[in-house]
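Student: Sequence order for the protein chains is A and B.
For the first sequence, counting from 1, position 361 maps to 361 in our numbering; every step adds exactly one.
One gets our numbering by counting positions in the second sequence from 1 and adding 381 to each.
Even for Gly, the Cβ is constructed at its ideal location relative to N, Cα and C.
All figures in this text were calculated on a predicted structure; none of them were measured in a lab.
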Amino acid sequence: MGHYIFSDEHEQLRKSVRRFVERELAPYADQWEAAGGFPDEVFRKLGAQGFLGLRYPEEYGGQGGDYYTAIVLAEELVGAKAGGVGTAVEVHTEMATPPILKFGTDDQKQRFLVPAIKGEKISALAITEPEAGSDVAAIRTMAVRDGDEYVLNGSKRFITNGCRADFAVVVTRTAKEEHWAGLTLFIVEKGTPGFTVAKKLEKVGLHSSDTAELVFEDCHVPAANLLGQENQGFYHIMWELQGERLIGAAGAVAAGQRALDLAIEYGTQRRQFGRSVAKFQANRHRLAEHATALEAARQMVYATAWRVQNGEYPVKEISMAKVFSTRVAFEAADFALQLHGGSGYMMESEIQRLWRDTRASRIAAGTDEIMLEVIAKELGL
Amino acid sequence: MKVAVLVKHVPDTETRIQVKPGDKKINEEGVTYIISPFDEFAMEEALLLRERLGDVQITAVALGPQKATEALRTCLALGADDAILVSDPAFEGADAYVTAKALAAALKGGNYDLILAGKQAVDDDAAYVGTAVAEFLDLPVINLVTKLEVNKAAGTAVAARDLDGYSQVIEVKLPAVFTAQKGLNNPRLPALMGIMKAKKKEIRTLNAQALGLAPNELGAEGAKVEVKEMFVPSKARKNKVLTGAPAETAPELVKLLAEEAKVL
Ligand SMILES: Cc1cc2nc3c(=O)[nH]c(=O)nc-3n(C[C@H](O)[C@H](O)[C@H](O)COP(=O)(O)OP(=O)(O)OC[C@H]3O[C@@H](n4cnc5c(N)ncnc54)[C@H](O)[C@@H]3O)c2cc1C
Chain A
1 MGHYIFSDEH EQLRKSVRRF VERELAPYAD QWEAAGGFPD EVFRKLGAQG
51 FLGLRYPEEY GGQGGDYYTA IVLAEELVGA KAGGVGTAVE VHTEMATPPI
101 LKFGTDDQKQ RFLVPAIKGE KISALAITEP EAGSDVAAIR TMAVRDGDEY
151 VLNGSKRFIT NGCRADFAVV VTRTAKEEHW AGLTLFIVEK GTPGFTVAKK
201 LEKVGLHSSD TAELVFEDCH VPAANLLGQE NQGFYHIMWE LQGERLIGAA
251 GAVAAGQRAL DLAIEYGTQR RQFGRSVAKF QANRHRLAEH ATALEAARQM
301 VYATAWRVQN GEYPVKEISM AKVFSTRVAF EAADFALQLH GGSGYMMESE
351 IQRLWRDTRA SRIAAGTDEI MLEVIAKELG L
Chain B
382 MKVAVLVKHV PDTETRIQVK PGDKKINEEG VTYIISPFDE FAMEEALLLR
432 ERLGDVQITA VALGPQKATE ALRTCLALGA DDAILVSDPA FEGADAYVTA
482 KALAAALKGG NYDLILAGKQ AVDDDAAYVG TAVAEFLDLP VINLVTKLEV
532 NKAAGTAVAA RDLDGYSQVI EVKLPAVFTA QKGLNNPRLP ALMGIMKAKK
582 KEIRTLNAQA LGLAPNELGA EGAKVEVKEM FVPSKARKNK VLTGAPAETA
632 PELVKLLAEE AKVL
C-alpha cells in the first residue's frame, strides 16, 4: 500500500514517470555521464509529457497538480541511474521557475514560464558567488539602473544548467549599503551581451548535469526582466530555497533507498566464508539501521510535504528534512559501497555513482551546517 | 468519426512468469500488469487520428476481469472518451475465439468507423482476436499495419504493411479493422491532467447477458481449443557434487564429463 499522502492518481502518475525514465533516460545514463551532460531534447520530451509543469497552473501550460506530484517526479528521476539528470531537471522545475510563477509579471510568465514548462527553454538559478556561498547576503554582483535597463557586473559559480540555460534567474545587489535588504532578482537571457559562461566546472559526481561559472560584464538587462520587487530579492530567494530543499530531501531519500536496494541485492548474492555477506550480523544490522533511517527520513519528507500542500511554510521542518535526509542517504550509499567491497570502488558499479552523487546533496541547496544554523535559530538559540 | 480500440491487460513483459503445478493459467500473485504493447500502438494511432482529423470519438474496449479496468483507465487518461469492460465470471477458460466473439458482440451496433487492435497480445501471442472480430462483424481486416491514413470525406483508409522483404499499401473502405505492428507510432504516456480527467469518465461494464451470449458460447464450453498443460520450462541447473579423495573423484569426474555432460 502506498503512503497516505498519495492518491490513486499519484500512483498512476508515478507509473507514467517511471516508464518514461526507463525508456528515455536510464538506457543513456552511462553515455551522458561520460559526455558530461544530456541533450536539450530530453527537456522537450519531458515537457511534452507534462512532467516539467506538474504542479503549475493550466493557464501557463502546467498540469494543475498538487505539491505531491513534484515529490513523485523527484523520487522517480532517481531511476535515471545518473543523479545529474534529476539535478538538472529539478533545478529547472523546482528552483529557477517557481520564483517566476510566484513573483513574475504576466509578461515574464508568458516569456519564460510557458516555454520552460514545455521544455523549450532551459533555466538556471544563480545565487552562489566566489565570495558568497552560505552567506547569501554577501552577494556582490551589482545591478545599477541605467534608464529602462540595469547594468550587471559580477560573477556566479557552481551554477547548475549554467552552460546551456536559455535564461538564468540571477540574484544581484541593487543597494550597496544594505546587507539583506539590497538584493534583487533578474531574469537574464542567454546571448545578452556581457553575459558569458566562463567555464564548465568538473565535479566529483553528478556528471550528467553541467555546472558553470558565469560572468556578467556591463551586461544590460531590461528593467522588464526585474523579477519580483526591487531590494526584496533576499526574501524571494529565502522563499525559493525552502522548496528546493524539500525536493532535494525527497530525491535524496529515493537515492538512498536505491543504494540500500543495491546493497541488499549485491550483499545477498556475494558469498564469502560460505555465506552471503549481507547475512553476517555485523552487516545485516547495519542494513537494518540504514533502512530505518531512510524510512524515518521519508516520513519526515512526506509529513513536511503535507504541511506545504496545506499552505504552511515550515522553515524548521524543511531544514530538518533536508539535513537529515541528505545525510542518511549518503550514509546509506557509503555503507552500500562498503558492502560491495572492491567491486563497489570500480567505475563499472552503479553504487559508486550513487555514492559520488549523493555526496553533493549535503552541500548544495544549503550545507548540513547551514541547515543546523537555521534549525538552531528556529529553536531560539 | 468513431474509433474503437481493443486493449488487453497483460502481465508486464519484465515479470518472471510462474505456474503452479497442475494449473492451466499463470500464478497472478505479485504480477504487475500493463497494456499489451501492440495495443498501445493501436491506442496511440487513435489519438493521432483525432489530432489529424479533429472530431474523433475514441472508445477503449477490454475483455477481462475487473482488474482490467486499470488498462481502460490508462486509455481514458491518454484521451479515450469512454470505455467498455467486457467482463463476466463465465468467461473463465475462454479462448481467443470466445474472446473475439464477445468483443464483436460488444462492438456491434456501435457504428465504429475504425476498430484498432494490436497484432497480438504479448501474453498468449495468439494473434487471432483482431482478425476474428472482423470476421464476426463481417468487416475487412488489415493486419500488421505500420502506417495508417484516413480519408474522412471518401470514407476510406490507406494502410501500409512492412512484410518480409517488401511493403504493401492497401486501401480499404470503412468501416474496417486494423491491427497494429511495431513502427506504427511512438506511444505517449499518460499525463497528469489526463489522469485527473479520466476519473470522471465512464467505464461501462457489459456482462454475458448484456451481450446476448448464451452460456454455452462462453468460457471453456464455448472455446474451440483447450489448454492441456501449462508449465515453465525448467532451466534449473542440476549440480552434482563429488565427495571423496581426489584420486577417486578425478576419474569419476572425467567419466561424468564424457558421458553425462558430453563435453569430452
Ligand atoms: C553540485 C552542486 C550544484 C550547485 N548548484 C547551484 C546552483 O544551481 N545555483 C547556485 O546558486 N548555487 C549552486 N551550488 C552552490 C551551493 O549552493 C553552495 O556550494 C553552498 O551553498 C555552499 O557554499 P560554498 O560552496 O561557498 O561554501 P562555504 O559557504 O564557503 O562553506 C564552507 C564550509 O563552511 C561551512 N560554513 C559556512 N558558514 C557556516 C556557519 N555559519 N556555521 C558553520 N559552518 C559554516 C559550510 O557548511 C561548509 O562546510 C551548487 C553546489 C554544488 C556542489
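Quick one: grab the DSSP three-state call for ILE576(B).
Tutor: Residue state, collapsed to three classes: helix.
Student: Could you tell me if LYS563(B) is buried or exposed, where buried requires 16 or more neighbouring beta carbons within 10 angstroms of its beta carbon?
Tutor: Looking at its Cβ environment, which holds fewer than 16 other Cβ atoms inside 10 Å, LYS563(B) is exposed.
Student: Would you tell me roughly how many angstroms separate the C-alpha atoms of VAL253(A) and LYS190(A), rounded to the nearest one?
Tutor: About 34 Å.
Student: Can you check whether the C-beta of GLU350(A) is within less than 8 Å of a C-beta belonging to chain B?
Tutor: No - not a single Cβ of chain B is within 8 Å of the one on GLU350(A).
Student: CA-CA distance, ASN532(B) and ALA538(B)?
Tutor: One C-alpha to the other measures close to 6 Å.
Student: Report the residue from ILE416(B), ALA534(B) and GLY491(B) whose alpha carbon sits nearest the alpha carbon of LYS15(A).
Tutor: Closest by alpha carbon: ILE416(B).
Student: In whole angstroms, what is the alpha-carbon distance linking VAL157(A) and ASN283(A)?
Tutor: One point to set straight first is that residue 157(A) is Arg, not Val, in the sequence displayed. Rounded to the nearest angstrom, the two C-alpha atoms are 40 Å apart.
Student: Specify whether the segment 493-505 of chain B and the segment 416-433 of chain B touch according to this definition: at least 3 beta carbon pairs, one from each stretch, less than 8 Å apart.
Tutor: The segment 493-505 of chain B vs the segment 416-433 of chain B: in contact.
Student: The alpha helix (DSSP H) that contains GLY84(A), what's its start and end?
Tutor: Its alpha helix (DSSP H) spans residues 83-90.
Student: Using three-state DSSP, classify PRO627(B) as helix, strand or coil.
Tutor: Helix at PRO627(B).
Student: Round the Cβ separation of LEU488(B) and LEU518(B) to the nearest angstrom and send it over; I've been treating them as touching at under 8 Å.
Tutor: Contact holds; Cβ gap of about 6 Å.
Student: Among GLY536(B), ASP545(B) and GLU552(B), which one has its Cα closest to the Cα of ILE523(B)?
Tutor: For the residues GLY536(B), ASP545(B) and GLU552(B), the minimum Cα distance to ILE523(B) belongs to GLU552(B).
Student: If GLY233(A) and THR184(A) are in contact, beta carbons under 8 Å, what's the gap, nearest whole angstrom?
Tutor: Right, the Cβ-Cβ distance comes to about 4 Å (below 8 Å), so this counts as a contact.
Student: Examine chain B for any beta-carbon lying closer than 8 Å to the beta-carbon of GLY47(A), and answer yes or no.
Tutor: Taking Cβ atoms only, chain B never reaches closer than 8 Å to GLY47(A), which makes this a no.
Student: Shortest alpha-carbon distance to GLY390(A) belongs to which of ARG55(A), ARG18(A), THR358(A) and VAL197(A)?
Tutor: Because chain A is modelled from 1 through 381, residue 390(A) falls outside the range shown and cannot be assessed.
Student: Using a Cβ-Cβ cut-off of less than 8 Å, give me the residues of the segment 564-578 of chain B that come near chain A, in sequence order.
Tutor: Listed by position, the residues of the segment 564-578 of chain B near chain A (Cβ gap below 8 Å) are ARG569, LEU570, PRO571, ALA572, LEU573, MET574, ILE576 and MET577.
Student: With distance defined between alpha-carbon atoms, name the residue in GLU633(B), GLY474(B), PRO521(B) and ILE584(B) nearest to ASN597(B).
Tutor: Cα-wise, what sits closest to ASN597(B) is GLY474(B).
Student: In this structure, does DSSP put TYR150(A) in helix, strand or coil?
Tutor: In this structure, TYR150(A) counts as strand in the three-state DSSP scheme.
Student: Could you please tell me which residues of the segment 502-526 of chain B, in chain order, have their CB closer than 9 Å to any CB of chain A?
Tutor: Per Cβ criterion, the list is empty.
Student: Select from ALA364(A), LEU372(A) and GLN63(A) the residue whose C-alpha is nearest the C-alpha of ALA429(A).
Tutor: Chain A is shown only over 1 to 381; residue 429(A) falls outside these bounds and no answer can be derived.
Student: Any Cβ of chain A within less than 8 Å of the Cβ of LYS582(B)?
Tutor: No, because no Cβ of chain A sits closer than 8 Å to the Cβ of LYS582(B).
Student: Tell me the residue span of the beta strand (DSSP E) that contains ARG438(A).
Tutor: In the structure as shown, chain A begins at 1 and stops at 381. Residue 438(A) is therefore absent and cannot be evaluated.
Student: Using only the alpha-carbon positions, how far apart do ASN153(A) and GLU202(A) sit?
Tutor: C-alpha separation (whole angstroms): 25 Å.
Student: Would you say the beta carbon of ILE523(B) is closer than 7 Å to some non-hydrogen atom of ligand 1?
Tutor: No, the Cβ of ILE523(B) stays beyond 7 Å of every heavy atom of ligand 1.
Student: Are there any heavy atoms of ligand 1 lying less than 7 Å away from the beta-carbon of GLU369(A), as far as the coordinates show?
Tutor: Yes - ligand 1 has a heavy atom lying nearer than 7 Å to the Cβ of GLU369(A).
Student: Taking only heavy atoms of ligand 1 into account, decide whether any of them is closer than 7 Å to the Cβ of GLY233(A).
Tutor: No, since every heavy atom of ligand 1 falls outside the 7 Å radius drawn around the Cβ of GLY233(A).
Student: From the beta carbon of ALA486(B), is the nearest beta carbon of chain A less than 8 Å away?
Tutor: Not an interface residue.
Student: Flag LEU54(A) as yes if its beta-carbon sits less than 8 Å from any beta-carbon of chain B, otherwise no.
Tutor: So yes, LEU54(A) belongs to the interface.
Student: Closer than 8 Å, Cβ to any Cβ of chain A: which residues of the segment 437-468 of chain B, in chain order?
Tutor: Listed by position, the residues of the segment 437-468 of chain B near chain A (Cβ gap below 8 Å) are ARG454, THR455 and ALA458.
Student: Using a Cβ-Cβ cut-off of 8 Å (strictly less than) and excluding sequence neighbours within five positions of LYS121(A), which residues of its own chain qualify?
Tutor: Closer than 8 Å at Cβ, skipping near neighbours: PHE112, PRO115, ASP166 and PHE167.
Student: Can you check the segment 414-466 of chain B for any beta strand (DSSP E) of at least 3 residues that lies completely inside it and give the ranges in chain order?
Tutor: With a minimum length of 3 residues, the continuous beta strand (DSSP E) runs that stay inside the segment 414-466 of chain B are 414-416 and 438-444.
Student: If you draw a straight line from the C-alpha of GLN447(B) to the C-alpha of SER468(B), how long is it?
Tutor: If you take the alpha carbons of GLN447(B) and SER468(B), they lie about 7 Å apart.
Student: With a threshold of 7 Å (Cβ to nearest heavy atom), would VAL89(A) be considered close to ligand 1?
Tutor: Outside the cutoff, so no.
Student: Which whole-angstrom value describes the C-beta separation of GLY215(A) and TYR150(A), a residue pair presumed to lie in contact below a C-beta threshold of 8 Å?
Tutor: At residue 215(A) the sequence reads Val, which differs from the Gly that was named. At roughly 16 Å, the Cβ-Cβ gap does not stay under 8 Å, so VAL215(A) and TYR150(A) are not in contact.
Student: Mind checking which residues open and close the beta strand (DSSP E) that includes ILE584(B)?
Tutor: 584-587 is the span of the beta strand (DSSP E), which, as asked, contains ILE584(B).
Student: Measuring straight from C-alpha to C-alpha, what distance separates GLU530(B) and PHE559(B)?
Tutor: Roughly 12 Å separates the two Cα atoms.
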